[in-house]
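Yeah, the sequence shown ends on 517 if you go by my numbering, and it's all consecutive. Glycine included, C-beta positions come from ideal geometry on N, C-alpha and C. To keep things clear, I will list the structure first and then write my remarks on it.
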Amino acid sequence: TEHPRCAQRLLSPRSRSPAHARAHRQARTRRAGAMAASAIEDEPLSLSTTQHTFDAQFHPREPLLAAATITGAVELHRFDLSEKTSELVRSLECHKGSCRAARFLVGGSSGSKEAAAPRLATASASCFTAVTDIESGKKLWKAKLRAAGNTLIALDEQRFVVGDDDGGVTLYDVRQKKAAVCYEENSDFISDFARGKDEHTLCATSGDGTLAVYDLRKSGTKGLVAMSDFQDDEYLSLDIVRNGTKVVCGSQTGPLAIFSWGDFGDLKDRVRGHPMSVDALIKISEDGILTGSSDGKVRVVSIYSKELGNAVLGICADHGEYPIEQLTLSPCQEFFASVSHEQPAVRIWSLGMARRFLAGEVPGQAGAKEQDEGEPDSDDSDDSDAPKGKKKQPKKKRKKGGAIVGSGKTHAQRQAASSFFSGL
């Protein structure tokens, strides 16, 4: 019979397999995040930065938030959600020009790599990208960009991709001095990135009104897998939902464009309801996203939900009067941060309200969709393979006083106008 202490040692964290230990840490992080998020259920934690902030991201393991500022510095703020307090613990001088994007480079599958302190990759308007050690503040790696950097996505602990103002997409490996892969297929700024389910496919939205899909294993024109038709709009934000089968793009005019994976030529659906541009977008579930708009509000949107279909469900956070620059999700996926122009520049919110919207537990909030009368939530196409909710039929325009509301004039007015133009 095995001794109890031997059995205890076999189940100890040190004796677990790397996958088991990683799952245990993730579960513990989610439990801690849920407890912390309950403290900001009614009121967010407001975090002020010393300068105007463009981007923010949570530390993968500690209660730290990195904020990229207009001076080129990245501020590290430690926060306590239960006490609703925060303090600036370090300022990293990453660039001379404004720092537009900052992402942590987190390790891969082995336990030793995950235990290593993550480094911070940044991109700036001064046409440089860099990797900085957040503990020592030392700059570990630096490279020149072809144009001002605008967005950045981390792939692993060694690689990341930068999108610039001229439409360039460049993959960097910090073990090399030069760029590993370059693409120049877009004609305007790259606004956002999202990684495909296969992990080697990258989607990019651009100000030229296209969605581009790249194979990161190939360079140049060979790496371009697909590019959508040019739309009469600018795509500003991006994410992938429905287990990698749907790509959602936020636009300058407000409607969300939905593409089906593998058929990127033209969009398949639209989700209306945003009165202004959708500048930021993050996935919180396979059928739910959060959108940050230029009116300063964060909305919950269902995407091919079995119960709710495609719809803007309501407002879950109101940052203020200024546009939302960025949205970022916590590692435990229990709270999120919004970034805006005013101070406090960052607000940390619980995801409780958003999840209640998606569960259908917040009735009577559809008025927050602010959609136009007579215009449906979604232009659902018939060829979609994902589950849908019941379509909302467009409202019939009512007649009032002999005129069709919102579509024309009365008979007498039309006669008067005809007489006026015939006289001319």
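Is the distance from the Cβ of residue i to the Cβ of residue j below 8 Å?
i: L383; j: A447; result: yes
i: S395; j: L451; result: yes
i: A410; j: V391; result: yes
i: L245; j: R196; result: yes
i: A373; j: G358; result: no
i: G165; j: S191; result: yes
i: D226; j: A240; result: no
i: S299; j: D326; result: no
i: Y328; j: S370; result: no
i: R252; j: L233; result: no
i: E332; j: K376; result: A small correction: the amino acid at residue 332 is Asp; Glu does not occupy that position in the sequence shown. Yes, the Cβ-Cβ distance between D332 and K376 is below 8 Å.
i: F286; j: S321; result: no
i: K339; j: Y397; result: yes
i: F151; j: A430; result: yes
i: L213; j: A297; result: no
i: P424; j: L140; result: no
i: V393; j: G381; result: yes
i: F323; j: D301; result: yes
Please list, in chain order, all residues of the same chain as residue i whose beta carbon is under 7 Å from its beta carbon, the five residues on each side excluded.
i: F514; result: Here the model assigns F514 a pLDDT of 42, short of 50, so the residue's position is not dependable, and the following value carries that caveat. Nothing meets the Cβ criterion.
i: K228; result: Note on identity: in this sequence residue 228 is Glu, with Lys being the wrong assignment. So the list reads A210, once near-sequence residues are dropped.
i: S184; result: A166 and E168
i: G453; result: E400 and L401
i: E155; result: none
i: Q345; result: D326, E327, L329 and S370
Closest to residue i by CA distance: which of the options is it?
i: W354; options: L238, R288, V167 and P416; result: R288
i: I441; options: L174, T146, R154 and T164; result: L174
i: I379; options: S344, V334 and V371; result: Note that residue 379 is Glu in the sequence shown here, rather than Ile. When each option's Cα is compared against that of E379, the closest is V334.
i: K189; options: F221, L169, F172 and D257; result: F221
i: L248; options: H145, V267 and D257; result: V267
i: P348; options: A159, V405 and E278; result: V405
i: V306; options: S344, A430 and E278; result: E278
i: K235; options: C187, D301 and R363; result: C187
i: A319; options: S139, Y276 and S344; result: Y276
i: I408; options: D362, S423, E435 and V455; result: V455
i: S362; options: L422, N403, D301 and V432; result: Rather than Ser, the amino acid found at residue 362 in this sequence is Asp. When each option's Cα is compared against that of D362, the closest is N403.
i: L157; options: T421, G445 and R449; result: T421
i: Q269; options: P368, A223 and A218; result: A223
i: Q426; options: G445, V432, E418 and I417; result: G445
Tell me, please, which residues DSSP counts as bridged to residue i.
i: T338; result: None; T338 has no bridge partner.
i: M369; result: M369 is not bridged to any residue.
i: V393; result: L383 and G407
i: R268; result: None; R268 has no bridge partner.
i: M320; result: A305
i: Y276; result: V262
i: Q419; result: V432
i: A218; result: DSSP lists no partner for A218.
i: Q150; result: A159
Am I right that residue i and residue j are in contact with their C-beta atoms under 8 Å? What's the rounded C-beta distance?
i: C342; j: L304; result: 6 Å
i: G389; j: G413; result: 5 Å
i: T142; j: E180; result: The pair is not a contact, with the Cβ atoms about 12 Å apart (cut-off 8 Å).
Please list, in chain order, all residues of the same chain as residue i whose beta carbon is under 8 Å from its beta carbon, the five residues on each side excluded.
i: E136; result: K177
i: A194; result: F147, D148, A161, T215, A216, G242, N243, T244, L245 and V255
i: N336; result: K290 and E379
i: T199; result: Note on identity: in this sequence residue 199 is Val, with Thr being the wrong assignment. Counting only Cβ-Cβ distances below 8 Å, and skipping sequence neighbours, we find P153, E207, P211, A247, D249 and E250.
i: R310; result: H293 and G316
i: V274; result: T263, L264, L309, K311, S312 and G316
i: A272; result: A236, T263, L264 and Y265
i: P368; result: G347, S386, D388 and E463
i: E418; result: T146, F147, D148, D372, A373, G385, V432, S433 and H434
Quick one: residues in its chain with C-beta nearer than 6 Å to the C-beta of residue i, no 5 flanking neighbours on either side, listed in chain order?
i: V182; result: L169 and R171
i: H434; result: Y415
i: Q144; result: T162, I163 and T164
i: R449; result: V455
i: S219; result: H188, K189 and G190
i: T314; result: none
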